[in-house]
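J.: This structure is in structure tokens; I'll ask about it shortly.
Chains as they are written, first to last, in this note's numbering: chain A, 519 to 685; chain B, 46 to 145.
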């Protein structure tokens, strides 16, 4: 049963990812990416990371992709692959090279391919609940946590300064 | 329980799709979306290993990757807005001058 759920979400996410790459209109790519993020949130749930899955839906699919759609609508809603720049002459090489890249990435982890060490239910200290995450985030990783708050502040200010009209 | 290897293979496939997208597309916003796809593939690998090793640190990493990706998306999209305003195009092949 778990395999059925995994393959369902995996198929949806791979199909949506391929749609992101091959769509002509940018808006359709953004929508396909939202679908891909939703399917990956399902996979995150299956991996026992409930909090991260909800954050994926709320932050990634709900905020970042909405920002993308805003910018697409602001800049050029009808944006398409430019004539003369379509995928035709490159895509023949892209597919076998992508397959080679997948094999290369898989070869980097030969130990994991046959092992069954990960096939256990998440125990209490490692379950992806908010409490477990917070316990680690605010003790071991509190310094990166505070630094990312500065990072977000810098990003906000940078985006505001950059996109401001110079008149 | 689905073995960890399945998640790693899926992560590799999504990453490769993202790489192909970044290298073959010429619209800068689509390239940026494929970068986000690559980041998500890495998040999946992090979480698969977090469950495999029985540690919570992988999920903390994903937390920070998402935060940095959000900040990067904000700044990158602001740059894209400025680019389109200056050059009136979103084609990266047209942006081949350092001037402006």
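Glycine residues also receive a C-beta, built at the ideal position from the N, C-alpha and C atoms.
Find the nearest neighbour of residue 649 of chain A within the set A:591, A:595, A:568, A:592, judged by alpha-carbon distance.
T.: A:568
J.: When you compare the CB of residue 81 of chain B with every CB in chain A, is at least one pair closer than 8 Å?
T.: yes
J.: Over what stretch of residues does the alpha helix (DSSP H) that includes residue 108 of chain B continue unbroken?
T.: 102-132
J.: Going along chain B, which residues have a C-beta under 9 Å from residue 557 of chain A?
T.: Those do not exist, as residue 557 of chain A stays about 10 Å from chain B at its closest Cβ, beyond 9 Å.
J.: Alpha carbon to alpha carbon, what distance is there between residue 133 of chain B and residue 85 of chain B?
T.: 30 Å
J.: Is the CB of residue 660 of chain A under 8 Å away from at least one CB in chain B?
T.: no
J.: So residue 79 of chain B and residue 70 of chain B are supposed to be a Cβ contact under 8 Å. How far apart are they, rounded?
T.: 7 Å
J.: To which residues does DSSP link residue 72 of chain B through a beta bridge?
T.: Bridge partners of residue 72 of chain B according to DSSP: B:136.
J.: Using a beta-carbon distance cut-off of less than 8 Å, what residues from the region 59-85 of chain B approach chain A?
T.: 59, 60, 61, 62, 63, 64, 65, 66, 68, 69, 70, 71, 72, 74, 75, 77, 78, 79, 81, 82, 85
J.: Distance check for residue 578 of chain A and residue 111 of chain B, CA to CA, integer angstroms please.
T.: 8 Å
J.: Given 8 Å as the limit, is there contact between the region 657-668 of chain A and the region 102-116 of chain B, that is, 3 or more CB pairs closer than that?
T.: Touching, per the Cβ criterion.
J.: So which residues on chain B does residue 577 of chain A lean against when the C-beta distance must stay under 8 Å?
T.: Per Cβ cutoff of 8 Å: 111, 115.
J.: Should residue 548 of chain A be flagged as near chain B, meaning a C-beta pair shorter than 8 Å?
T.: yes
J.: Say whether the region 650-664 of chain A touches the region 578-587 of chain A, bearing in mind that this needs 3 or more beta-carbon pairs closer than 8 Å, one atom from each stretch.
T.: Because the criterion of three Cβ pairs below 8 Å is not met, the region 650-664 of chain A and the region 578-587 of chain A do not touch.
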